[in-house]
Amino acid sequence: MSPENNIVELRGLRKAFGKKVILDGLDLDVPRGESTVIIGGSGTGKSVLLKHMIGLLRPDAGSVKVDGVELSTLDNRELTRFRSRFGMAFQEGALFDSMTVAKNVAFPLVRLGLGSEKERAKRVEECLALVRLEDAGAKLPSQLSGGMRRRVGFARAIAHRPEVLLFDEPTTGLDPVTKDVIDELIVELKETLGATVVTITHDMESVFKIADWIGMLHGGVIVARAAPGEFRSLTDPRVREFLGRTVGAHQTH
Amino acid sequence: MSVLPFEGFFREVGRFGRILWRVLAWTPRPPYDFRELGRQMVRVGVDSLPVVMLTAMFTGMVMALQTFNVLARFGAERYVGSLVSLSMVRELAAVLSGLVLAGRAGSAMGAELGTMRVTEQIDALEVMATDPVHYLVVPRVWATTIMMPLLVLLADGMGIWGGYLVAVVLMGANPVSHMDNTFRFMEVSDLTSGLIKAAAFGLLIAAIGCQQGLYTRGGAEGVGRATTRSVVLASIAILISDFFLTKLLF
Ligand SMILES: Nc1ncnc2c1ncn2[C@@H]1O[C@H](COP(=O)(O)OP(=O)(O)OP(=O)(O)O)[C@@H](O)[C@H]1O
Ligand SMILES: [Mg+2]
């Protein structure tokens, strides 16, 4: 695929922490305007992979190209400008615990100087309503449950209407109804705003609902990448095992 | 913990230099967050004020007690006031307040920024077009650098007052001659050199605390380590830099 079609291109990505190799020559394309879902076992490096896409972690070797630009060639200021096109929701929320929920969601708007104070307040309300937390604006993060914090993190990630959205397990620990709300939101962000979405999730039901592409991380590389229909029929034993386990586990519950 | 291997020591010094450089580079750049600066100044000041005052007062009292007896052996007890005030103003108020602040404000910064690091709040800042040094470290460093001289000025007063209490009330010295001697040999440069030291210590305390916080790794345990190291390293830095500053300023 040509670089114009891929907003993120990872080539030969390698990352080790000490002696522990997490990513081992990983290649991945993230097509513009589509939804890519990354699956894989716990501790395989999915979060680490996501952090490379936005320059929070630097690879030991290999290249990270965003919109055709090699991230490692950017200085701090250029990287900052680049990042404003991204929104990221962290696995544990990463909310600023000294600020209210509303201030958290307004943070990217304030820092990027978007809108008047009134417009920002309106946008914050809007985003909180989207994740079904319209009453939580005045609360502090410490007063919220884990699932609520994650949803606030989600609202904060989408507040400034970024082109590229990175969601690290946005629905883990949510009840089925709220989970559906978030899944639908992801699809809507892609379809109405044309956003590119990269989501990490363990929930195979969500995967097939939101994915245009599914990539499976195993042993430091993407062992399979396919559209959902094709993915289901892959014969790779690692994929089969993962699908079998998670789908099976789901049915017995 | 207090005895770092040399390699670790040089790494810390390198990181400290980098943080300091980034603070200076970011300071002139907008947006200027004066509200946050004010908030941090209040926090640093209010957190440390009672302990700083108590420390200074009792130090003045003990010094008066010690020197009164010694000076009395050669009939020079009327100089107690001079001794107490000069030691406090030139040296002790700054160093003792610095050590107190390292324990209160410096450790708080290490713990707060360390927690933000391990809960990915620092990453979140970076993702949202915000440099953590600009947003978190710059206001803390300047707040501490500004508040330290103010605290030390109060500590000077408390120390002198403590000395007065002991010499005059306890030992029965003449109040007029005691006060006269307290200020007789003091020069403006004594005062300013103490305050310059205070500002330098403030800078060290905050920059070290923030540096330890930002470089925290390893969960709650890591935060604990960062907190301890903030205090230990800042205290060492105060004591070492005190020697060189004294050499430089006099
Ligand atoms: N900053 C770091 N320093 C050292 N090791 C790290 C760091 N970040 C991640 N790791 C290690 O890298 C491995 C992969 O971590 P990662 O968080 O990417 O897993 P994950 O696939 O997201 O798992 P989960 O599904 O449980 O979230 C883990 O073994 C983790 O201990
Ligand atoms: Mg993860």
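So the sequence lines, in the order shown, correspond to chains A and B. Each residue of the first sequence is one higher than the one before, counting from 611 in my numbering. Each residue of the second sequence is one higher than the one before, counting from 132 in my numbering. For glycine and all other residues, C-beta sits at the position ideal for the given N, C-alpha and C.
query = Is any heavy atom of ligand 2 found at a distance shorter than 7 Å from the C-beta of residue 657 of chain A?
reply = Position 47 of the first sequence, counted from the start, is the residue given in the question as residue 657 of chain A. Taking 7 Å as the cut-off, the C-beta of residue 657 of chain A counts as close to a heavy atom of ligand 2.
query = Per the contact definition of three or more C-beta pairs closer than 8 Å, is the region 259–279 of chain B in contact with the region 168–175 of chain B?
reply = yes
ask   = Just reading off the beta strand (DSSP E) that residue 777 of chain A is part of, what are its end residues?
value = In the first sequence, counting from the first residue as 1, residue 777 of chain A sits at position 167. 774–778 is the extent of the beta strand (DSSP E) around residue 777 of chain A.
request  = Establish whether the CB of residue 252 of chain B and some CB of chain A are separated by less than 8 Å.
outcome  = Mapped onto the second sequence, residue 252 of chain B falls at position 121. Chain A, which has a Cβ nearer than 8 Å to the Cβ of residue 252 of chain B, makes this yes.
Cut-off 6 Å between Cβ atoms - residues of its own chain near residue 151 of chain B, not counting five sequence neighbours on either side = Locating residue 151 of chain B in the second sequence gives position 20, counting from the first residue. These residues qualify, in order along the chain: 338.
ask   = Looking at the structure shown, is residue 662 of chain A part of a helix, part of a strand, or coil, going by DSSP?
value = Reading the first sequence from its first residue, position 52 is the one you call residue 662 of chain A. Three-state DSSP puts residue 662 of chain A in a helix.
Nearest candidate by alpha-carbon position, reference residue 307 of chain B, set B:198, B:144, B:213, B:143 = Here residue 307 of chain B refers to the residue found at position 176 of the second sequence. Residue B:213 is the option with its Cα nearest to residue 307 of chain B.
inquiry  = Can you pull out the residues from the region 258–273 of chain B whose beta carbon lies closer than 9 Å to at least one beta carbon of chain A?
reply    = 258, 259, 260, 261, 262, 266
inquiry  = Less than 8 Å between CB atoms is the rule here; does residue 255 of chain B satisfy it with respect to chain E?
reply    = Reference to chain E is not applicable here, since the protein chains of this structure are A and B.
task = Could you round the C-beta distance between residue 657 of chain A and residue 810 of chain A to whole angstroms and report it? I think they count as a contact, below 8 Å.
result = Counting from one through the first sequence, the residue named residue 657 of chain A turns up at place 47. Counting from one through the first sequence, the residue named residue 810 of chain A turns up at place 200. Between residue 810 of chain A and residue 657 of chain A the Cβ distance is about 7 Å, and since that is below 8 Å, they are a contact.
inquiry  = Using only the alpha-carbon positions, how far apart do residue 777 of chain A and residue 730 of chain A sit?
reply    = Residue 777 of chain A sits at position 167 when you count from the first residue of the first sequence. Residue 730 of chain A sits at position 120 when you count from the first residue of the first sequence. Roughly 22 Å between the two C-alpha positions.
inquiry  = Here's a check: name, in chain order, each residue in its chain whose Cβ is nearer than 7 Å to the Cβ of residue 629 of chain A, leaving out the five neighbours to either side.
reply    = By one-based count along the first sequence, residue 629 of chain A stands at place 19. None.
key: Interface residues of chain B facing residue 694 of chain A [CB-CB closer than 7 Å]   = For this step, residue 694 of chain A is matched to residue 84 along the first sequence. Ordered by position in chain B, the residues that pass the 7 Å Cβ test against residue 694 of chain A are 260.
Near-chain B residues of the region 693–725 of chain A - C-beta to any C-beta below 7 Å = 693, 694, 696, 698, 700, 702, 704, 706, 717, 718, 721, 722
key: Any 3 or more C-beta pairs closer than 8 Å across the region 226–240 of chain B and the region 176–195 of chain B   = yes
ask   = Going along the chain, which unbroken runs of the alpha helix (DSSP H) with 4 or more residues stay wholly within the region 210–280 of chain B?
value = 211–218, 224–232, 238–249, 252–258
message = Quick check: what's the CA-CA separation for residue 161 of chain B versus residue 842 of chain A?
response = Here residue 161 of chain B refers to the residue found at position 30 when the second sequence is read from its first residue. Here residue 842 of chain A refers to the residue found at position 232 when the first sequence is read from its first residue. Straight-line spacing of the CA atoms in residue 161 of chain B and residue 842 of chain A works out to 52 Å.
query = According to the Cβ coordinates, are residue 898 of chain A and residue 623 of chain A closer than 8 Å?
reply = No answer is possible for residue 898 of chain A: it lies beyond the span of chain A, which begins at 611 and ends at 863.
inquiry  = For residue 794 of chain A, count the other beta carbons within 10 Å of its own beta carbon; 16 or more makes it buried, fewer makes it exposed. Which is it?
reply    = Counted from its first residue, the first sequence places residue 794 of chain A at position 184. With fewer than 16 other Cβ atoms within 10 Å, it is exposed.
task = Could you tell me whether the Cβ of residue 664 of chain A comes closer than 8 Å to any Cβ of chain B?
result = The sequence position of residue 664 of chain A within the first sequence is 54, counting from 1. Yes, contact with chain B.
message = Considering only their Cβ atoms, is the gap separating residue 690 of chain A from residue 156 of chain B smaller than 8 Å?
response = Residue numbering aside, residue 156 of chain B sits at position 25 when the second sequence is read from its first letter. Residue numbering aside, residue 690 of chain A sits at position 80 when the first sequence is read from its first letter. Cβ distance not < 8 Å, so residue 156 of chain B and residue 690 of chain A don't count as in contact.
message = Which of the three DSSP states is assigned to residue 356 of chain B in this structure?
response = Numbered from its first residue, the second sequence carries residue 356 of chain B at position 225. In this structure, residue 356 of chain B counts as helix in the three-state DSSP scheme.
query = Considering only the beta carbon of each residue, do residue 766 of chain A and residue 720 of chain A sit closer than 8 Å?
reply = The sequence position of residue 766 of chain A within the first sequence is 156, counting from 1. The sequence position of residue 720 of chain A within the first sequence is 110, counting from 1. Taking 8 Å as the Cβ cut-off, residue 766 of chain A and residue 720 of chain A do not qualify as a contacting pair.
Nearest-angstrom Cα separation, counted from residue 638 of chain A out to residue 612 of chain A = One-based indexing of the first sequence puts residue 612 of chain A at position 2. One-based indexing of the first sequence puts residue 638 of chain A at position 28. Note that residue 612 of chain A scores a pLDDT of 48, beneath 50, so its modelled location is shaky; the value from the coordinates is reported in the next line. Using only the alpha carbons, I get a separation of about 13 Å.
task = Name the one or two DSSP bridge partners that residue 809 of chain A has.
result = Here residue 809 of chain A is taken as the residue at index 199 of the first sequence, counted from 1. According to DSSP, which records beta bridges pairwise, residue 809 of chain A is partnered with A:647, A:777.
ask   = Could you give the distance in angstroms between the alpha-carbon of residue 751 of chain A and the alpha-carbon of residue 744 of chain A?
value = To locate residue 751 of chain A, count along the first sequence from 1; it is residue 141. To locate residue 744 of chain A, count along the first sequence from 1; it is residue 134. Roughly 14 Å separates the two Cα atoms.
message = Does chain B have any CB closer than 8 Å to the CB of residue 690 of chain A?
response = For the purposes of this step, residue 690 of chain A is taken as residue 80 along the first sequence, with counting starting at 1. So, interface residue.
request  = Helix, strand or coil for residue 680 of chain A, going by three-state DSSP, please let me know.
outcome  = Numbered from its first residue, the first sequence carries residue 680 of chain A at position 70. In the structure shown, residue 680 of chain A sits in a strand (DSSP, three-state: E or B).
task = Whole angstroms is fine: what's the gap from residue 763 of chain A's alpha carbon to residue 358 of chain B's?
result = Translated into positions along the first sequence, residue 763 of chain A becomes position 153. Translated into positions along the second sequence, residue 358 of chain B becomes position 227. If I take the Cα positions, the gap works out to 27 Å.
ask   = What three-state label does DSSP hand residue 621 of chain A in the structure shown?
value = The count along the first sequence starts at 1 and reaches residue 621 of chain A at position 11. Correct three-state label for residue 621 of chain A: strand.
ask   = Taking all protein chains shown into account, do 16 or more other C-beta atoms lie within 10 angstroms of the C-beta of residue 664 of chain A, making it buried, or fewer, making it exposed?
value = Counting from 1 along the first sequence, the entry for residue 664 of chain A is found at position 54. Its Cβ being crowded by 16 or more others within 10 Å, residue 664 of chain A is buried.
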